[in-house]
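A quick write-up on the structure given underneath.
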Amino acid sequence: MPVDSRRIQGPDSSVPFMLYSSREKKDYKTVKSEVFKKGLRKDGRKWDQHRKVYLKTSVVTQAKGSAFIEQNNTKVICSVFDPREIPRKSDYSVNGELYCEFKYAPFSCLTRRGHQQDAEEKEFSLILRRALEPAVCRHEFPNFQVDIYALVLQDDGSALSAAITCASLALADASVPMYDLVASVTLGVHDDLKFLDPTAEETILCNTSPRTLQNHGTIVFSYSASQQQISEYAQTGAMNLDCITSAIDILTRACDDIYPLSQQCLVKSVAKSVKKKKKREEKLNRERAILADENEPPTNE
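So this is what it looks like as structure tokens:
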């Protein structure tokens, strides 16, 4: 397998520091009792309560558009670059394409991630592209592609849904023509319990549940609120039809709550850019007035 020679490679014999920490081996019942305490989750949230969301645009100066999202200990940054011709494309494409790359930073997870994309990151990149394509007016840039890069700086669960919401905001910040913004939420399912925005510990619990449970797993749900359209549905685990139906209702309401946050962030960004443009114009007008006064010939009385 080729290695990235542009970065300093660590020693092959290195081991994670977590092996030296004093950790007790816990069974399934112990982990479940720690995650769910007294009818609440470990961080004190209710089952249908989302973590606080922080959004910001124009954080990467080299990119055409960018955005940053923070959900407690989950932090993702997305960059969007100018459209370019589709490489290795011989025939003409009526609709433009989206190139999406989802990547974990090496220090983002408990275990060190490699510089090369693994199978999980390639799958998440495909889900990211499928979630964004219905919201982008691809007919506006035929035979061109827009590059979208999502980098997870810290992963504490629900990183893929955070990346989808952040990438949608970065596309709007890059002035890419869009039908609507996309909001995405993750739902964890553990038997009869359904909880929004699961943490990394809760996600592991849902995906490693005993086979005796009828419903277990996670759902990544992407939704366009103004169009009332589901752009992507990705599920892991096993669930019956009644569980999926109730889960979609919960996820739709959660996306409706996150959608105004993206709109407010975008409005603030536009208002800030307009103020900066006005200040530059006023400064330029003052400089022109000063030069006009200096170059004005003196009057003879």
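Residue -14 is where the sequence shown starts when you use our numbering, and the numbers rise one by one after that. Cβ coordinates follow ideal geometry from the N, Cα and C atoms, glycine included.
In DSSP terms, what residue i is bridged to
i      : result
Tyr84  : Asp132
Cys63  : Ala52 and Ala135
Gly202 : Val174 and Gly222
Gln214 : Ser209
Leu40  : Ile54
Lys179 : Val174
Leu145 : Leu145 is not bridged to any residue.
Ala293 : Look at the range of the chain in this structure, -14 to 286, and you will see that residue 293 is not part of it.
Reference residue i; option with closest CA among the options
i      : options                           : result
Val170 : Ile189, Leu190, Ser209 and Leu178 : Ser209
Ala185 : Thr203, Leu178, Leu198 and Ala168 : Thr203
Lys253 : Ala147, Gly29, Leu40 and Trp32    : Leu40
Ser64  : Lys74, Glu86 and Glu105           : Glu86
Arg114 : Glu217, Gln248, Lys263 and Lys264 : Glu217
Val61  : Lys257, Ile133 and Pro127         : Ile133
Val161 : Cys240, Gln56 and Arg69           : Arg69
Pro91  : Asn80, Asp103 and Val259          : Asp103
Tyr77  : Glu55, Pro127, Ser207 and Ala120  : Pro127
Ala249 : Phe21, Thr42, Leu25 and Arg30     : Reading the sequence as shown, one finds Gln at residue 249 and not Ala. Out of Phe21, Thr42, Leu25 and Arg30, Thr42 has the C-alpha closest to the C-alpha of Gln249.
Ala219 : Ile54, Leu111 and Asp67           : Leu111
Ile243 : Val174, Ala48, Leu181 and Ser75   : Leu181
Gln213 : Ala232, Pro245, Ser231 and Asp165 : Asp165
Gln47  : Asp28, Gly29, Asp67 and Ile54     : Asp67
Glu222 : Val44, Thr188 and Phe109          : At residue 222 the sequence reads Gly, which differs from the Glu that was named. Nearest option by C-alpha distance: Thr188.
Arg26  : Asp234, Leu178, Ala274 and Arg265 : Leu178
Glu125 : Glu108, Asn80, Pro183 and Ile149  : Asn80
Ala120 : Glu267, Ser211 and Cys228         : Ser211
Ser146 : Leu172, Ala159 and Lys74          : Leu172
Pro183 : Gly50, Asp141 and Glu82           : Asp141
Leu246 : Glu266, Lys49 and Glu55           : Glu55
For residue j and residue i, believed in contact at Cβ under 8 Å, the rounded distance
i      : j      : result
Gln139 : Asn58  : 6 Å
Met163 : Ala157 : 6 Å
Ile215 : Phe129 : Not a contact, Cβ separation roughly 27 Å.
Val131 : Ser153 : Incorrect: roughly 12 Å between the Cβ atoms, too far for contact.
Tyr89  : Glu106 : 6 Å
Leu236 : Phe206 : 4 Å
Asn225 : Asn192 : 17 Å between Cβ atoms; not a contact.
Val174 : Ala232 : 7 Å
Ser93  : Val137 : 5 Å
Ala159 : Ala148 : So it is not a contact: roughly 16 Å between Cβ atoms.
Cys122 : Phe53  : The Cβ separation is near 25 Å, so there is no contact.
Those runs of the beta strand (DSSP E) which lie wholly inside the region 73 to 127 and span at least 3 residues = 82 to 89
ask   = Quick check: the region 27 to 45 against the region 92 to 108, are there 3 or more CB pairs under 8 Å?
value = no
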